[in-house]
Amino acid sequence: MQRTLLVTGAAGMLGRFLLRRPPEGWALRLSDVAVPEAAPGEDWRQLDVTDPVATAAACDGVDAVLHLGGVANNLAATRDRLIPVNVGGTRNVLDAATAAGVRRVLLASSNHAVGFHRRPPGGRPLPDDVACRPDSLYGVTKAAMESLGGFYADRYGTEVVLLRIGSCFERPTSARMLATWLSPGDFCRLVGAALRAPVTGCVPVWGVSANTRRWWSTEGGDALGYHPRDDAEAFAAEVPPEPAEQVPAAETVGGSFPAGTR
Ligand SMILES: NC(=O)c1ccc[n+]([C@@H]2O[C@H](COP(=O)([O-])OP(=O)(O)OC[C@H]3O[C@@H](n4cnc5c(N)ncnc54)[C@H](O)[C@@H]3O)[C@@H](O)[C@H]2O)c1
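Dropping the structure here:
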């Protein structure tokens, strides 16, 4: 039986990646505050997640939610929207999903929710479930997103997967991304695994590819059955070397964000 997945923020980059390789066995209900350039298909609705009534209507009749919608940067121009959209919007999504009896919610969190963690000594990988240490106001909103996910899991039994996404772009474009890249294909594999796997409570998982230079654990992904296939190393020759002053940034999860003033 085909089930329905509500995707918020579906007109954005990750939403467009997902359309290339939609999760098997799922029909997609696409939504975004912005109207996408390409025809969005039949089950499309314009949805601002800061509107609780519209968010509740969008959750009606779906089996799971992938919450991608929000402010995906820390730029000055959008900073005032960070808390209303990323925190208020996530609260509305979790609330609406719970009221609609949706069991599974995947939240697009970020490495910047935990950006102040450093590379562990001795080549040990950094666990998937390190505590929040946000590195920016953007990261604070992702930490709040994770906290909301934990609350709805504990209070209402919602199965929540926190996707701690590294750098999900077409290809890596910096030395840092040789470690933190999540390829479009692996993003889709991660979503598929997070929908399929048995989940109890609120589970964090690194959203990162099988990069040679990866230092974030594979354990959380293994537990979900997420098996990434791509390696940023294939692009290493195209990536400019990191300027010397940036090198310490490669040792923190959030790259240059922890040293920023934002
Ligand atoms: N791309 C990455 O490397 C990366 C890394 C970490 C986390 N993330 C997270 O993944 C999600 C998707 O990222 P992306 O790269 O596709 O960003 P994006 O900016 O391309 O897409 C975000 C989408 O959210 C929509 N949106 C904004 N406000 C909204 C609102 N009020 N209601 C509904 N939709 C709204 C936008 O219109 C946009 O289409 C974001 O939550 C982002 O923080 C992305």
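Residue numbering for the sequence shown follows the numbering used here, beginning at 1086 and increasing consecutively.
C-beta: ideal position from N, C-alpha, C; glycine also.
Any non-hydrogen atom of ligand 1 closer than 7 angstroms to residue 1086 Cβ: No, ligand 1 has no heavy atom inside 7 angstroms of this Cβ.
Euclidean distance between Cα positions of residue 1090 and residue 1328: Approximately 43 angstroms between the Cα atoms of the pair.
DSSP-derived helix/strand/coil call for residue 1282: Coil, per DSSP.
Terminal residues of the beta strand (DSSP E) in which residue 1292 lies: Note, residue 1292: beta strand (DSSP E), 1287-1292.
Residue 1296 versus 1304, 1285, 1268, 1322, residue with shortest Cα-Cα distance: 1268
Backbone CA spacing between residue 1250 and residue 1240 [nearest angstrom]: 25 angstroms
Cβ neighbour criterion (16 or more within 10 Å) applied to residue 1120: exposed
Own chain residues within Cβ distance below 6 angstroms of residue 1053, not counting five before or after: Outside the displayed range of the chain (1086 to 1347) lies residue 1053, so it cannot be described from this structure.
Check whether residue 1276 and residue 1191 have beta carbons under 8 angstroms apart: yes
When 1188, 1163, 1146 are compared against residue 1286, the one with the closest alpha-carbon: 1188
Rounded straight-line distance, which links the Cα of residue 1254 to that of residue 1319: 14 angstroms
Coil, strand or helix - residue 1243 by DSSP: Residue 1243 falls in the coil class under three-state DSSP.
Residue 1312 versus residue 1152: straight-line alpha-carbon distance, rounded: 22 angstroms
DSSP state of residue 1316 mapped onto helix, strand, coil: coil
Sub-8 angstroms separation of residue 1260 and residue 1322 beta-carbons: no
Secondary structure, alpha helix (DSSP H): runs of 4+ residues fully inside the stretch 1185-1265: 1222-1241, 1262-1265
Straight-line Cα distance separating residue 1243 from residue 1140: 17 angstroms
Residue 1091 (DSSP reduced to helix, strand or coil): It is a strand residue.
Between the CA atoms of residue 1174 and residue 1165 - distance to the nearest angstrom: 14 angstroms
Sequence-distant residues of its chain with Cβ nearer than 7 angstroms to residue 1107 (five each side left out): 1113
Limits of the alpha helix (DSSP H) - the one that residue 1081 falls within: With the chain covering 1086 to 1347 only, the question about residue 1081 has no answer from this structure.
Whole-angstrom distance between residue 1271 and residue 1294, CA atom to CA atom: 6 angstroms
Close beta carbons around residue 1289, own chain, < 6 angstroms, minus the five adjacent residues each side: 1213, 1214, 1247, 1249
Whole-angstrom distance between residue 1131 and residue 1305, CA atom to CA atom: 33 angstroms
Between the CA atoms of residue 1233 and residue 1176 - distance to the nearest angstrom: 7 angstroms
Cβ pair residue 1183, residue 1223 closer than 8 angstroms: no
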